[in-house]
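Let me begin by presenting the structure, written as structure tokens, before commenting on it.
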Amino acid sequence: MENDGTKNEIDIEEEDEWQLFASAGYASSELESEEQEIPQDIPEEIWFDGDDFDFEGSTVNWDSPPCPAPLGIAHVIKIGLCDHCINRVSGIRIGTHGPDNGALIRANAYEKDNELESSIMQDYCPLCENLFDDVDNIVDRVFETLSETKFSTMQFGIHLPKELVQEEDRVRSKYGSQGSYPLKGALVEAIHHRISKINKEVEFVKERPDVMVLVDGLTLRVDVDVRPIFLYGRYRKLSREIPQTRWPCRACRGRAGGCESCKGTGLQYPDSVQDLIGEPIRKELGAEDTSFHGMGREDIDVRCLGSGRPFVLEVKRPLVREYQLDHLVRLVNENGSGKVELDDLIWTSKKKVNEVKQSRSEKTYTIRFSVDDLGDEEEAKQAILSLSGKVISQETPKRVSHRRAAKTRKRRVSSVDKVSVEGNEIEMTLRCEAGTYIKELVHSDEGRTSPSVKSVMGSECHVIWLDVEEIHTD
Ligand SMILES: [Zn+2]
Ligand SMILES: [Zn+2]
196 MENDGTKNEI DIEEEDEWQL FASAGYASSE LESEEQEIPQ DIPEEIWFDG
246 DDFDFEGSTV NWDSPPCPAP LGIAHVIKIG LCDHCINRVS GIRIGTHGPD
296 NGALIRANAY EKDNELESSI MQDYCPLCEN LFDDVDNIVD RVFETLSETK
346 FSTMQFGIHL PKELVQEEDR VRSKYGSQGS YPLKGALVEA IHHRISKINK
396 EVEFVKERPD VMVLVDGLTL RVDVDVRPIF LYGRYRKLSR EIPQTRWPCR
446 ACRGRAGGCE SCKGTGLQYP DSVQDLIGEP IRKELGAEDT SFHGMGREDI
496 DVRCLGSGRP FVLEVKRPLV REYQLDHLVR LVNENGSGKV ELDDLIWTSK
546 KKVNEVKQSR SEKTYTIRFS VDDLGDEEEA KQAILSLSGK VISQETPKRV
596 SHRRAAKTRK RRVSSVDKVS VEGNEIEMTL RCEAGTYIKE LVHSDEGRTS
646 PSVKSVMGSE CHVIWLDVEE IHTD
């Protein structure tokens, strides 16, 4: 009756990792203080030993002043900075933006010193390793990957090799102007700029994006993660033959392609609440898969009626993120006809998953059972009613002991009413604290639940069916 939810929890943890990974700077578009990554104890010799700029017999003025001094500008041009990098380290703005500003600064410097252009040591920018040339290429790949996906917000991150970041920082802090812009931030900005040129609607955010894009600065590999969407609703389960979530086939453990016993589906039960609700939605939104997070769960043979059981459906990698929810409800109700139904769906966020999973509510049940020896009908009724308000003690039921630790729980039976007798069958309605095992409360599970209907009646009881009548959420 409870949801152990192991599978879903793993899913969530994996996502959290992604999020952490992303916010830890790997995919972050925030401007981090990269200075922190630079070990403070690098011996000076390493800097002078480097042969990066000391080649072809050219001399480099190591004592050049930092930008924006004209000599500093001349120096960074000489060592090969591209227009993008000149723009961000020069500390000069001639009224334009980005590489255009860099190009103007360069032209000015050439005018002042007509030997400068011929003394440039390389056309390979030592600060960015010409990464800015790849911005268009990167952005093309992003849009290619997202060509069928609808989204409005994006979080963008780029991972740069540590050595590049360190080297960049060293050169920039020596020759760049004060407060010059670090490489990573400038690259991300250039990419944002390019993306906005292609699609003005894209909004860049630092949390809860529709899509997360991660670029590896070394290989230019582009990874796009389309974030899931979450829908909240309450389901009624009208069938006694379907589990809440997908159950992998016992014979083949749900391997791809399945086996003979599951007719190739990989599933132990062809239907589940998860798929009856999730599949029509998944198809309609062009998503990859779903996860189902219920507020507890009922046994396969138990119906769930009343206003239904709260759940959050997580829709993974959807192509469409905005949709008429009443239309989805209609699709689900058509698909689940006679088995599962919903009244409505609302948009929610991942936060709701934990809320739903952690919530504990009293429930009202109706249960029908047969008794071996009814005895006097009125006495039997009174005996059952005497359980109203009682605190019962339940050891972990035998039927779930393989997956739950042995433990004794105290649970309160809030009320018992509507006891009716028909021949040797009894039907009763009762309201219990969250986590009460109702079938065990009736048949006692060989004395593991005490008191029980069996113990107060002094007769064996056999459960015929059980319904959840209402889940009393507030
Ligand atoms: Zn550059
Ligand atoms: Zn199978």
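Here the sequence shown stands for residues 196 to 669, where the numbers follow this note's numbering. A virtual CB, placed ideally from N, CA and C, is assigned to each residue, including glycine. Computed from a prediction, not measured in an experiment: that's the story for all the values here.
Measuring C-alpha to C-alpha distances from ARG435 to each of ASP418, GLU396, LEU500 and THR603 identifies LEU500 as the nearest. Three or more Cβ pairs drawn from the segment 496 to 512 and the segment 429 to 444 lie within less than 8 Å of each other, which places the two stretches in contact. A straight-line Cα-Cα distance of about 49 Å links ASP405 and GLY584. Distances from the CB of SER467 to the heavy atoms of ligand 2 are all 6 Å or more.
Take the alpha-carbon of LEU537 and the one of VAL468: they are about 11 Å apart. Distance from the CA of ASP335 to the CA of LEU409, rounded to the nearest whole angstrom, comes to 14 Å.
Inclusion of ASP329 and ALA298 in the CB contact set at 7 Å is not warranted, their separation being larger than that value. At least one heavy atom of ligand 2 falls within 6 Å of the beta-carbon of ALA446. Counting other Cβ atoms within 10 Å of its Cβ, ALA600 stays below 16 and is therefore classed as exposed.
DSSP places TYR518 outside both helix and strand once states are collapsed to three, so it counts as coil. Residue selection by CB proximity (closer than 6 Å to any heavy atom of ligand 1) returns LEU276, CYS277, HIS279, CYS280, CYS320, LEU322, CYS323 and PHE327 in chain order. Note that the C-beta distance between ARG516 and ILE424 is below 7 Å.
Taking a 10 Å sphere around the C-beta of ILE579, we find 16 or more other C-beta atoms and assign the residue as buried.
The shortest C-alpha to C-alpha distance from GLY489 to any of LEU426, HIS292 and GLU362 is the one to LEU426. In the structure shown, PHE399 adopts extended strand secondary structure according to DSSP, grouped into three states. GLN519 sits exposed, since fewer than 16 C-beta atoms from the chains shown fall within 10 Å of its C-beta. Closest in C-alpha terms to ALA304, from the list LYS273, GLU574 and VAL616, comes LYS273.
Within its own chain, the residues whose Cβ lies closer than 6 Å to the Cβ of CYS457, once the five positions on either side in sequence are excluded, are CYS444, listed in chain order. When DSSP states are grouped into helix, strand and coil, ARG604 belongs to the strand group.
For ASN619, the closest alpha carbon among the candidates LEU636, SER654, ARG607 and ARG416 is that of SER654. The closest CA to that of VAL658, considering only VAL611, VAL651, HIS667 and THR561, is found on THR561. Between SER581 and ALA629, the C-beta gap is not smaller than 7 Å, which leaves the two residues out of contact.
Taking 3 residues as the shortest admissible run, the segment 540 to 569 contains the following complete beta strand (DSSP E) segments, listed from N- to C-terminal end: 557 to 566.
When the alpha-carbon of HIS522 is set against those of PHE399, ILE541, ILE587 and LEU378, the nearest one is in ILE541.
Just so you know, the alpha carbons of VAL637 and VAL648 end up roughly 5 Å apart. Residue range 278 to 285 is occupied by the alpha helix (DSSP H) that includes CYS280. Counting the other Cβ atoms within 10 Å of the Cβ of GLU509 gives 16 or more, which makes it buried. Judged by DSSP secondary structure, GLY501 falls within the beta strand (DSSP E) whose first and last residues are 497 to 511.
Remark: the shortest separation between the CB of SER583 and any heavy atom of ligand 2 does not fall under 6 Å. Contact between ALA264 and ASP308 fails: their C-beta atoms lie close to 13 Å from each other, not under 8 Å. In the DSSP secondary-structure assignment, TYR427 is bridged to VAL507 and ILE541. Closest in alpha carbon position to LYS602, among SER609, LYS593, VAL608 and SER368, is LYS593. From the listed residues PRO321, ARG301, CYS323 and GLU324, the smallest Cα separation to SER313 is found for ARG301. The C-alpha of PRO261 lies about 12 Å from the C-alpha of ARG365. When secondary structure is reduced to three states using DSSP, PRO443 falls in the strand class. In this chain, the beta strand (DSSP E) harbouring PHE351 covers 348 to 354.
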